[in-house]
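Working notes for the structure below.
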Amino acid sequence: GESVGLHLPTLSVQEGDNSIINCAYSNSASDYFIWYKQESGKGPQFIIDIRSNMDKRQGQRVTVLLNKTVKHLSLQIAATQPGDSAVYFCAENRGTSYDKVIFGPGTSLSVIP
Amino acid sequence: NAGVTQTPKFQVLKTGQSMTLQCAQDMNHEYMSWYRQDPGMGLRLIHYSVGAGITDQGEVPNGYNVSRSTTEDFPLRLLSAAPSQTSVYFCASRGNTEAFFGQGTRLTVV
């Protein structure tokens, strides 16, 4: 069936460098995408979201890019810090009112001090 | 403001036993969901609700029941626990967009 998936299961970056986490999705009808951060032993935490009528959205140190042509989503983290070490999930909404959110498998980000 | 509260935090069941995982939110959110997360995996949607009295199946609903009698509560029931249901269960609550997750219930079925 259709699914959300990630290109890279693990990513190691040097502290201070920029990180890019990629995500591919296959459901062209999905209209809302979310990035979550999950630290060990905790529930996922919202980072940033983007609707399908946008191709870029910026937050504090994070940027999400959406390319609907190739069904690709990315999360960019500027000046990566040790506290950014976590598993990152992209998720897509397949419901009619932000009710059915499906997660991708996740990328583990490790920041090297 | 407690956010999303899940109880219990840990539970061990024997195969065939039943139990209910509790989830409560105090943000007056319409949307609530249950996910399970297996080791090294992403979250899979079990059931979700768009409001009191309305529930629907997610990706992996078999073996689980839900009900939504109030806006605040969304319990998840395991009628006859199986070892394959060993997992960490997360409840989520969502307003217009951003979702808030509980701290999870770690369930082991032996």
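Protein chains in written order, with this note's numbering: chain P, 36 to 148; chain R, 55 to 164.
Beta carbons: idealized from backbone N, C-alpha and C, even for Gly.
All values reported here derive from a predicted model rather than from experimental measurement.
Kindly list the residues whose CB is nearer than 6 angstroms to the CB of residue i, restricted to its own chain and excluding five residues on each side of it in sequence; keep chain order.
i	result
R/G96	none
P/T45	S143
P/T98	Q111
P/P79	Y71 and Q73
Measuring CB to CB, does residue i end up less than 8 angstroms from residue j?
i	j	result
P/R92	P/I83	yes
R/Q91	R/C77	no
P/F68	P/L108	yes
R/Q139	R/L130	no
P/D52	P/T115	yes
Based on the DSSP output, what are the partners of residue i in its beta bridges?
i	result
P/D84	P/I69
R/V103	One detail in the question is off: residue 103 of chain R reads as Ser in this sequence, not Val. Beta-bridge pairing links R/S103 to R/M86 and R/T109.
P/N128	P/V136
R/Q79	R/V58
R/F144	R/Y89
R/T159	R/Y143
P/V99	P/R92 and P/L110
Only counting the same chain, and skipping five residues up and downstream in sequence, which positions put a Cβ closer than 7 angstroms to that of residue i?
i	result
R/H83	S147, R148 and G149
R/G156	V58, T59, Q60, C77, F144 and C145
R/R123	One point to set straight first is that residue 123 of chain R is Ser, not Arg, in the sequence displayed. The residues are A106.
Starting from residue i, find everything on chain P with Cβ-Cβ shorter than 9 angstroms and list it in chain order.
i	result
R/F155	Y71, Q73, K77, G78, P79, Q80 and F81
R/M95	P140 and G141
R/S87	D134, K135 and V136
I want to verify the contact list: residues of chain P whose CB lies under 8 angstroms from the CB of residue i, in sequence order.
i	result
R/L99	K135, V136, I137 and F138
R/G107	Under the 8 angstroms cutoff, chain P gives no residues; its nearest Cβ is about 14 angstroms from R/G107.
Grab me the residues of residue i's own chain with a C-beta within less than 8 angstroms of its C-beta, minus the 5 sequence neighbours each way, in chain order.
i	result
R/M86	C77, Q79, Y102, S103, R122, F128, C145, A146, S147 and R148
R/L67	M73, L132, A135, L161, T162, V163 and V164
Starting from the beta carbon of residue i, find every residue of chain R whose beta carbon is closer than 8 angstroms, and list them in chain order.
i	result
P/D84	T151 and E152
For this session: Decide if the region 122-136 of chain P is in contact with the region 54-73 of chain P; the criterion is three or more beta carbon pairs, one per stretch, under 8 angstroms apart.
Result: yes
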